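There are 2 protein chains.
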Amino acid sequence: MSTAEIPHDTPESYPRTARTTPTRARERATYDRAFVHGVLDEGYLCHLAFVREGAPVCLPMLYARVDERLYIHGSTGARPLREAGEADPGLPVCVTVTHVDGLVLAKSVFHHSVNYRSVVVHGHACAVTDEEERSTALDALTNSAVPGRADDSRRGSPKELAATAVLRIDLEEVSAKSRTGGPNDEPEDLDLPYWTGVLPVATAYGEPVPADYLAPGVPVPGYLTARGRRLR
Amino acid sequence: MSTAEIPHDTPESYPRTARTTPTRARERATYDRAFVHGVLDEGYLCHLAFVREGAPVCLPMLYARVDERLYIHGSTGARPLREAGEADPGLPVCVTVTHVDGLVLAKSVFHHSVNYRSVVVHGHACAVTDEEERSTALDALTNSAVPGRADDSRRGSPKELAATAVLRIDLEEVSAKSRTGGPNDEPEDLDLPYWTGVLPVATAYGEPVPADYLAPGVPVPGYLTARGRRLR
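Residue numbers (UniProt numbering), protein chains in the order written: chain L, 1 to 232; chain Z, 1 to 232.
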């Protein structure tokens, strides 16, 4: 990423804080804004953690990034969305996005590992009420899972929009971790007879399955067939 | 699952509690033990949430199930593992496992959805100190990501085992949610021109990449080549 693409008031890294500094494997941590954005933009499923009655709760949610904001959405009746709307200055949350890239097989069990990229966001989830921001966020959420889809479907009616809560989490306290490459075995283990290396892992997509009520002849849109990794 | 496979004192469902009862989409929730085990056994990556200084923390971790217990492990120096070892009766945690099976494209944005299966476990993470249980758990953790691998690698030395913390979470307060099938559009939207259906999603595996120090002629083990879905 060239510095020309970064607004002048946005440093290239997120500031490091006590809770974004790992106690170990610090060499796997990064605060680089472009790396964080890359990890976030590749995915659409996050795990959202919050505290309810003193105990942790962790739920899978869809998300989208718009600049330095993450958005999640759901029914206005869903508990976490309702709680975030009522809390001031928002519900304390931790949002984590993880991509597994490979299973790392070493000679020894101890050095088995996983190649991955993850982003952890600490912040507050706040209800978005501004209609323009809600509209931008909802389009981004649709396009996060299926890029190009927002413009190729019927957008929300007033009634549907009224039933949809949108939450924003500002990207302020953010860190990423990653591991890449092959196994790192002990020198004295190198002659052991076991296969060692990496089994690549990725999310992949199958052939689109039309709805049973889809009229014949409607072509599969290019944004689906052009989708990255395919299942065989 | 036949009832003959279930010990007589184990009911077929986990008991429903206040926090495992969703406020909405209850029809997507299940407490069926065999369904929960199936979701857990298909994966190896969980998101572990806990509370630190009043705020939620959510981290990706490997896990394994052994009967009615989940195990996670890590360095004895890692913060969450240290905190769990010191807490009595363990660190309150929420462990969530999610599989995305498909992106559901409806005529309207509002009815877009995701086909998925997820399990949420509420409980306490306790340090495992019994050597036999630790050994069983560590083998299960190795085999969780790569079934068959524990017997085909060098097991931990006393020094390596001393540096490894193992935590247990009992499967007591557990629920699953899932969505399957095609989109559910409003009757008045059915004639809209947009493609509708499901884009299947799955985790897939590539060709194993040998370590640069692997001696020539070591065959790729069958437990890697036999691995389910493949990338193309």
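Think of the CB as a built atom: it goes at the ideal place given N, C-alpha and C, for glycine as much as any other residue.
In this text the structure is predicted, and so the values were computed from the model without any measurement.
What's the C-alpha gap between residue i and residue j?
i, j, result
"Arg-155(Z)", "Pro-193(L)", "13 Å"
"Glu-5(L)", "Lys-177(L)", "Caution applies to Glu-5(L), whose pLDDT of 45 falls short of 50 and renders its modelled position unreliable; the model cannot decide the point."
"Thr-3(Z)", "Asp-32(Z)", "Since pLDDT at Thr-3(Z) reaches only 40, below the 50 mark, its modelled position is unreliable, and the value read off the structure follows with that caveat. C-alpha separation (whole angstroms): 13 Å."
"Ala-140(Z)", "Leu-103(L)", "15 Å"
"Ala-55(Z)", "Cys-58(L)", "13 Å"
"Thr-17(Z)", "Asp-67(Z)", "21 Å"
"Thr-30(Z)", "Ser-175(Z)", "6 Å"
"Thr-76(Z)", "Ser-75(L)", "41 Å"
"Gly-38(Z)", "Leu-45(Z)", "14 Å"
"Val-120(L)", "Ala-25(L)", "15 Å"
"Asp-151(Z)", "Thr-164(Z)", "19 Å"
"Leu-214(L)", "Trp-195(Z)", "7 Å"
"Leu-224(Z)", "Ala-106(L)", "14 Å"
"Glu-188(L)", "Val-166(Z)", "26 Å"
"Val-95(L)", "Phe-50(Z)", "12 Å"
"Tyr-205(Z)", "Ala-145(Z)", "12 Å"
"Gly-197(L)", "Ala-64(Z)", "22 Å"
"residue 252(L)", "Pro-216(Z)", "Within the shown structure, residues of chain L are numbered from 1 to 232, placing residue 252(L) beyond reach of any answer."
"Leu-48(Z)", "Asp-191(Z)", "44 Å"
"Thr-129(Z)", "Arg-168(Z)", "10 Å"
"Thr-180(Z)", "Ser-13(Z)", "21 Å"
"Pro-92(Z)", "Val-220(Z)", "41 Å"
"His-99(L)", "His-124(Z)", "26 Å"
"Asp-170(L)", "Ile-72(L)", "12 Å"
"Glu-182(Z)", "Leu-70(Z)", "The amino acid at residue 182(Z) is misidentified as Glu; the sequence shows Gly. When rounded, the distance between both Cα atoms is 33 Å."
"Arg-52(Z)", "Phe-35(L)", "26 Å"
"Thr-142(L)", "Glu-86(Z)", "44 Å"
Is it the case that the CB of residue i approaches a heavy atom of the ligand MG more closely than 7 Å?
i, result
"Arg-19(L)", "Looking at this structure, you won't find the ligand MG or any other ligand, since it has none at all."
Could you tell me which chain Z residues have their CB closer than 9 Å to the CB of residue i, listed as they occur along the chain?
i, result
"Glu-133(L)", "Those within 9 Å of Glu-133(L) in chain Z number zero; the least Cβ separation is about 16 Å."
Counting only C-beta atoms, is residue i closer than 8 Å to chain Z at any point?
i, result
"Val-119(L)", "no"
"Leu-192(L)", "yes"
"His-47(L)", "yes"
"Ser-108(L)", "yes"
"Leu-59(L)", "yes"
"Tyr-116(L)", "yes"
"Thr-98(L)", "yes"
"Leu-62(L)", "yes"
"Arg-70(L)", "A small fix is needed here, since residue 70(L) is Leu in this sequence, not Arg. Output row for Leu-70(L): interface = no."
For chain L, find out if any of its Cβ atoms is closer than 8 Å to the Cβ of residue i; answer yes or no.
i, result
"Leu-40(Z)", "no"
"Gly-90(Z)", "no"
"His-73(Z)", "no"
Under 8 Å between beta-carbons, which chain L residues line up against residue i? List them in chain order, please.
i, result
"Phe-35(Z)", "Near Phe-35(Z) there are no residues of chain L at all, since even the closest Cβ is about 16 Å away, more than 8 Å."
Along chain L, which residues have their Cβ under 7 Å away from the Cβ of residue i?
i, result
"Val-66(Z)", "Within 7 Å Cβ-Cβ: nothing; Val-66(Z) doesn't reach chain L, min ~16 Å."
"Thr-23(Z)", "Gly-77, Ala-78, Arg-79"
"Pro-56(Z)", "Ala-49, Phe-50, Val-51, Pro-56, Pro-92, Val-93, Cys-94"
"Gly-182(Z)", "Ala-211, Asp-212"
Chain Z partners of residue i, CB-CB under 7 Å?
i, result
"Asp-189(L)", "Arg-154"
Looking at chain Z, which residues of the region 197-215 of chain L have a Cβ within less than 9 Å of any of its Cβ atoms?
Here the close residues are Gly-197, Val-198, Leu-199, Pro-200, Val-201, Ala-202, Thr-203, Ala-204, Tyr-205, Gly-206, Glu-207, Pro-208, Val-209, Pro-210, Ala-211, Asp-212, Tyr-213, Leu-214, Ala-215.
Closer than 8 Å, Cβ to any Cβ of chain L: which residues of the region 218-229 of chain Z, in chain order?
Answer in chain order: Val-218, Pro-219, Val-220, Pro-221, Leu-224, Arg-227, Arg-229.
Residues of the region 155-176 of chain L in Cβ contact with chain Z at a cutoff of 7 Å, in chain order, please.
Cβ contacts with chain Z come from Arg-155, Gly-156, Glu-160.
Given a limit of 8 Å on CB to CB distance, which residues of the region 121-153 of chain L reach chain Z?
Answer set for the region 121-153 of chain L: His-122, Leu-138, Thr-142, Ala-145, Val-146, Arg-149, Ala-150, Asp-152, Ser-153.
Taking one C-beta from the region 155-167 of chain Z and one from the region 112-120 of chain Z each time, how about it: are there three or more such pairs within less than 8 Å?
With a cut-off of 8 Å, the region 112-120 of chain Z and the region 155-167 of chain Z do not count as touching, because too few Cβ pairs lie within range.
Can you find at least 3 beta carbon pairs, one from the region 127-141 of chain L and one from the region 81-91 of chain Z, that sit closer than 8 Å?
Contact fails: fewer than three Cβ-Cβ distances are below 8 Å.
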